[in-house]
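To start, the structure under review is shown below, and the notes come after it.
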Amino acid sequence: MIDTLTRRVVLGAGGFAAAGFLLEPDSGFAEAPLAATPACHNGDEVTLRQTAGPFFKPSSPERSELADAGMAGQPVELVGFVLSSACKPQAGALLDFWHADARGEYDNSGFRLRGHQFSDEQGRYRLRSIVPGLYVGRTRHIHVKVQPRDGRVLTTQLYFPREPKNRSDGLFRRELLMRTTEHAGWVAARFDFVVD
Ligand SMILES: [Fe+2]
Numbered sequence: 327m328i329d330t331l332t333r334r335v336v337l338g339a340g341g342f343a344a345a346g347f348l349l350e351p352d353s354g355f356a357e358a359p360l361a362a363t364p365a366c367h368n369g370d371e372v373t374l375r376q377t378a379g380p381f382f383k384p385s386s387p388e389r390s391e392l393a394d395a396g397m398a399g400q401p402v403e404l405v406g407f408v409l410s411s412a413c414k415p416q417a418g419a420l421l422d423f424w425h426a427d428a429r430g431e432y433d434n435s436g437f438r439l440r441g442h443q444f445s446d447e448q449g450r451y452r453l454r455s456i457v458p459g460l461y462v463g464r465t466r467h468i469h470v471k472v473q474p475r476d477g478r479v480l481t482t483q484l485y486f487p488r489e490p491k492n493r494s495d496g497l498f499r500r501e502l503l504m505r506t507t508e509h510a511g512w513v514a515a516r517f518d519f520v521v522d
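Each number in this note's numbering comes from the position in the sequence shown (counting from 1) with 326 added on.
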């Protein structure tokens with residue numbers, strides 16, 4: 327019953343069914359696994375900086391779930407650590423995420439698909455949202471600002487692997503690819519930020 331209604335709403339809303347489905351409360355996220363401590367490599371480099379672009383808005387609400395109930399799009403859960411260049415987890419780091427909706431549009435009047443959170447005592451963060459849509463000139467991406475306690479802001483963008491437009495987007499950088507795994511209906515993504 328719910329499935330039927332959902333499908334009808336999706337189709338009625340303009341044919342997003344092919345791109346994903348409506349995100350419902352408790353829509354079957356399993357938690358993406360994340361160890362209590364990071365896997366460290368010698369010589370981890372500080373995460374590449376990128377432009378914030380024209381759509382950043384300060385003062386986003388504090389929340390880790392960005393998608394509202396009923397929002398079209400494929401659910402994605404992004405998890406990872408905020409680390410120093412010596413691979414020390416950074417507790418209490420500010421992470422401010424913003425991205426386009428499934429149609430590739432930003433909310434520039436409100437705070438839809440915008441939110442900030444703080445890394446936990448183990449330096450971990452967890453973001454739940456929908457996979458952003460494409461817009462002219464850009465491959466699929468998530469914007470973020472990361473600021474460790476008493477540290478400077480790192481502004482960058484995260485990219486999805488296996489996206490055809492990664493090859494034609496001049497801003498795309500391989501170093502900013504998330505690792506992703508497709509689950510039944512949702513995407514688990516992983517990215518560790520290294521800040522100086
Ligand atoms: Fe963007």
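Quick reminder that beta carbons are idealized off the backbone N, C-alpha and C, glycines included. Computed from a predicted model, the values in this text were never measured in an experiment.
Anticipated Cβ contact below 8 Å, residue i with residue j, distance rounded
i: V402; j: A510; result: No, V402 and A510 are not in contact; Cβ-Cβ is about 14 Å, not under 8 Å.
i: Q416; j: G449; result: 5 Å
i: C413; j: P364; result: 6 Å
i: L480; j: L392; result: Not really, about 20 Å apart at Cβ, beyond 8 Å.
Pairwise C-alpha distance: residue j and residue i
i: A361; j: S445; result: 14 Å
i: L484; j: R438; result: 19 Å
i: I486; j: P359; result: Checking the sequence, you will find Phe at residue 486 rather than Ile. Those two C-alpha atoms are separated by around 18 Å.
i: G418; j: G463; result: 35 Å
i: T482; j: A426; result: 15 Å
i: V372; j: D518; result: 10 Å
i: E447; j: T506; result: 24 Å
i: G436; j: L502; result: 27 Å
i: Y432; j: F423; result: 12 Å
i: W512; j: I456; result: 9 Å
i: Y451; j: M397; result: 23 Å
i: L348; j: R499; result: Only weak support is given to the placement of L348: the predicted model assigns it a pLDDT of 45, under 50, and the question is left unresolved by the model.
i: F381; j: N434; result: 7 Å
i: L420; j: Q443; result: 6 Å
i: A395; j: D370; result: 38 Å
i: E489; j: Q400; result: 15 Å
i: T377; j: R478; result: 15 Å
i: S390; j: I468; result: 14 Å
Residue i: CB within 7 Å of a non-hydrogen atom of ligand 3
i: G379; result: Ligand 3 is absent from the structure shown, which contains only ligand 1.
Reference residue i; option with closest CA among the options
i: F407; options: M504, S386, W512; result: M504
i: K471; options: A365, L374, N434, T363; result: L374
i: G430; options: S410, R454, Y461; result: Y461
i: V521; options: G399, D476, I456; result: D476
i: D495; options: V479, R466, P474, T506; result: R466
i: L497; options: T363, G379, C366; result: G379
i: S411; options: H367, S386, I468; result: H367
Those residues which DSSP pairs with residue i across a bridge
i: T506; result: A515
i: R452; result: V405
Of all the beta strand (DSSP E) runs that stay within the bounds of the region 398 to 445, which reach a length of 3 or more residues? 401 to 410, 420 to 424, 440 to 444
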